[in-house]
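The opening position of the sequence shown corresponds to residue 3 in this note's numbering, with each subsequent residue numbered one higher.
Each remark here refers to the structure printed beneath this line.
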Amino acid sequence: NHDIFELIKKEEERQCQGVELIASENYVSQDVLSAAGSILTNKYAEGYPNKRYYGGCEVVDEIESIAINRLKQLFNVEYANVQPHSGSQANSAVYLACLKPGDKILGFDLSHGGHLTHGSPVNFSGKLYKPYFYGVSKESGLIDYEQMRQVAVSEKPQMIICGASAYSRDWDYSFFRKVADEVGALLLADISHPSGLIAKGLLQDPVMLCDIITSTTHKTLRGPRGGVIMMGKDFKNPLGYKNKKGDLKMMSTILDSAVFPGSQGGPLEHIIAAKAVAFGEATSDNFFQYMWQVKKNASHFTNGLVNLGYDVVSRGTDNHCFLIDLRSKNITGKDAEFALGQVDVTVNKNMVPFDTQSPFVTSGIRIGTPAITTRGLIEKDIESIVGFIDEALYLHKKNKSVKILRDRVNKMMVKFPIFKL
Ligand code: PLP
Numbered sequence: 003n004h005d006i007f008e009l010i011k012k013e014e015e016r017q018c019q020g021v022e023l024i025a026s027e028n029y030v031s032q033d034v035l036s037a038a039g040s041i042l043t044n045k046y047a048e049g050y051p052n053k054r055y056y057g058g059c060e061v062v063d064e065i066e067s068i069a070i071n072r073l074k075q076l077f078n079v080e081y082a083n084v085q086p087h088s089g090s091q092a093n094s095a096v097y098l099a100c101l102k103p104g105d106k107i108l109g110f111d112l113s114h115g116g117h118l119t120h121g122s123p124v125n126f127s128g129k130l131y132k133p134y135f136y137g138v139s140k141e142s143g144l145i146d147y148e149q150m151r152q153v154a155v156s157e158k159p160q161m162i163i164c165g166a167s168a169y170s171r172d173w174d175y176s177f178f179r180k181v182a183d184e185v186g187a188l189l190l191a192d193i194s195h196p197s198g199l200i201a202k203g204l205l206q207d208p209v210m211l212c213d214i215i216t217s218t219t220h221k222t223l224r225g226p227r228g229g230v231i232m233m234g235k236d237f238k239n240p241l242g243y244k245n246k247k248g249d250l251k252m253m254s255t256i257l258d259s260a261v262f263p264g265s266q267g268g269p270l271e272h273i274i275a276a277k278a279v280a281f282g283e284a285t286s287d288n289f290f291q292y293m294w295q296v297k298k299n300a301s302h303f304t305n306g307l308v309n310l311g312y313d314v315v316s317r318g319t320d321n322h323c324f325l326i327d328l329r330s331k332n333i334t335g336k337d338a339e340f341a342l343g344q345v346d347v348t349v350n351k352n353m354v355p356f357d358t359q360s361p362f363v364t365s366g367i368r369i370g371t372p373a374i375t376t377r378g379l380i381e382k383d384i385e386s387i388v389g390f391i392d393e394a395l396y397l398h399k400k401n402k403s404v405k406i407l408r409d410r411v412n413k414m415m416v417k418f419p420i421f422k423l
């Protein structure tokens, strides 16, 4: 095991010395880390609090109930399931609960910023269900709501999904609600990326407008890797059981069964404990300040890049992330990811809308500010990072040594320790 612990140490060093700009990553607190690495990992607890298939669950019952209650409070929802092992598991449970194989789903195109689980042909969601897509307008980079409505009206999908992995603007959930009502579709909001911002009121809230909400817990929410499913107060009879009393209760049971035993076995109680810790942290005022800074840093970042002639998709951001279309800079996403990696700036290559490259090469990179903001970086530091990015891409093109630049990056980042939360 020595090898593994040596490698964990090496990864810790990598995380400390670099600039982490992957939009879906973050640094959790020591408390989240302690709970995730706790002896709760030893416990089997199939079922739900007070309804388990194993003995000795009294303690984990209390922990899971706290996690559920904190999540309900954080998002002001009536129903919460904290067991999904990941965001994909949360979505698969919702589909299992609400759709039949062959049903139609309408999601945001992966190549425009959507997620695999929203109908991609390489994912179960595109294999088991019949996927249709909406996308962004070529001119503005903004969601083409009319096009979404047209597909919905002509195809009449059973479910419409809003949410993305790489979209920098807010969502008009009320427009989606109207379209879903018009065609009789269930409306799912997958808020995996912006959930922390939504929880703190910094983006539109889908809870009252969408039937079901899923999220990951490890992105802007800054918890352990995992997923959740929620339903709001204004429940909309998603399965069409009209005017029946107790719909929320019935749908809660259906969703719970779709997670366990429908698509998962024993819950990860150590991760559920870490989720509870993170939800507790997210209820604090400090977390509001954090999310506020994430947003400020992201928009400062886009301004800095635009001023240097970079093509930011939709020309800005409302949230924590954005895409840079590098075609005007004559470098692919793949090469840019490599060039930035050479100076310890970590990003991921990403398709941009109407991309001309394959998903393995891509024309863009995605950037997010949740992780660097957790480390305490503010606007002036963002300006330094914009400079590092521009210089690294220049040095790469000119085939010049990046050593001095990498030292500067590392020197800056040691001033922002990762374990200060
Ligand atoms: N949904 C969206 C919108 C996402 O961005 C992601 C992750 O990137 C997921 C679902 C899936 O989450 P996970 O990687 O935890 O399965």
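Yeah, the Cβ is synthetic: ideal placement off N, Cα and C, and Gly gets one too.
On the DSSP bridge assignment, give the partners of residue i in chain order.
i, result
"Glu22", "Thr348"
"Arg54", "Gly49"
"Ile215", "Ala191, Met232"
"Pro133", "Ile107"
"Asp313", "Asp327"
"Arg368", "Leu325, Asn350"
"Cys164", "Ala191"
"Asn332", "Looking at the DSSP assignment, Asn332 forms no beta bridge with any residue, so it has no partner."
"Ala82", "Met232"
Report back the beta-carbon spacing between residue i and residue j to the nearest angstrom; my notes put them in contact at under 8 Å.
i, j, result
"Ser113", "Ser316", "No, Ser113 and Ser316 are not in contact; Cβ-Cβ is about 15 Å, not under 8 Å."
"Ala168", "Asn352", "6 Å"
"Arg408", "Val345", "4 Å"
"Gln266", "Gln91", "6 Å"
"Ile2", "Ala338", "The shown model of the chain, from 3 to 423, leaves out residue 2, and the question about it has no answer."
"Ile163", "Gly228", "Rounded, the Cβ-Cβ distance is 20 Å, inconsistent with contact."
"Gly128", "Gly121", "5 Å"
"Ala300", "Asn321", "7 Å"
"Ala95", "Ala260", "4 Å"
"Gly378", "Met293", "At roughly 14 Å, the Cβ-Cβ gap does not stay under 8 Å, so Gly378 and Met293 are not in contact."
"Gln75", "Thr285", "7 Å"
"Met232", "Val79", "4 Å"
"Ala278", "Ile68", "5 Å"
"Val155", "Val185", "6 Å"
"Val230", "Pro86", "6 Å"
Can you check which of these residues, the options, is closest to residue i by C-alpha distance?
i, options, result
"Phe110", "Pro123, Phe135, Lys400, Lys129", "Phe135"
"Lys53", "Thr348, Ile193, Thr255", "Thr255"
"Ile144", "Ile200, Trp173, Met252, Val349", "Contrary to the premise, residue 144 reads as Leu rather than Ile in this sequence. For Leu144, the nearest C-alpha among the options comes from Trp173."
"Ser40", "Ala276, Phe362, Lys297, Met293", "Ala276"
"Gly282", "Leu73, Lys336, Tyr97", "Leu73"
"Pro425", "Asn401, Pro269, Phe324", "Residue 425 is absent from the structure shown; the chain starts at 3 and stops at 423."
"Val388", "Val354, His322, Phe303", "Phe303"
"Phe289", "Val30, Gln17, Asn3, Leu23", "Val30"
"Val296", "Asp33, Leu23, Lys11", "Leu23"
"Ile107", "Leu257, Asn28, Ala191", "Ala191"
"Lys382", "Asn71, Asn305, Gly264, His398", "Asn305"
"Phe362", "Val347, Phe356, Gly335, Ser286", "Gly335"
"Gly234", "Ile420, His398, Tyr81, His220", "Tyr81"
"Asp258", "Val84, Asn28, Leu118", "Val84"
"Leu101", "His117, Leu130, Asp249, Met232", "Leu130"
"Thr375", "Ala99, Met415, Leu188, Ile193", "Met415"
"Pro263", "Gly49, Asn44, Thr43, Ala341", "Gly49"
"Glu27", "Leu188, Val61, Arg224, Gly343", "Arg224"
"Met161", "Pro123, Pro103, Leu205", "Pro103"
"Ser365", "Leu328, Leu35, Gly318", "Leu328"
"Glu271", "Asn401, Asp392, Val34", "Val34"
Report yes if the C-beta of residue i is less than 7 Å from at least one heavy atom of ligand 1; otherwise report no.
i, result
"Asn352", "no"
"Asp192", "yes"
"Ser443", "Outside the modelled stretch of the chain, which goes from 3 to 423, sits residue 443, for which no answer is possible."
"Gly89", "yes"
"His2", "Outside the shown range of the chain (3 to 423) lies residue 2, about which nothing can therefore be said."
"Ala166", "yes"
"Gly203", "no"
"Thr218", "yes"
"Gly109", "no"
"Asn321", "no"
"Asn93", "yes"
"Arg227", "yes"
Any chance the CB of residue i is under 7 Å from a heavy atom of ligand 3?
i, result
"His195", "As presented, the structure is devoid of ligand 3, carrying ligand 1 as its sole ligands."
Could you tell me which whole beta strand (DSSP E) segments of length 3 or greater appear in the region 117-162?
For the region 117-162, whole beta strand (DSSP E) runs of length 3 or above, ordered along the chain, are 132-136.
With a floor of 4 residues, list each alpha helix (DSSP H) that falls wholly inside the region 271-304, ordered by position along the chain.
Taking only runs of at least 4 residues, the alpha helix (DSSP H) segments lying wholly in the region 271-304 are 271-284.
Contained alpha helix (DSSP H) runs [length at least 4] in the region 358-415, N- to C-terminal order
Those alpha helix (DSSP H) runs which fall completely within the region 358-415 and span 4+ residues are 372-376, 381-399, 405-415.
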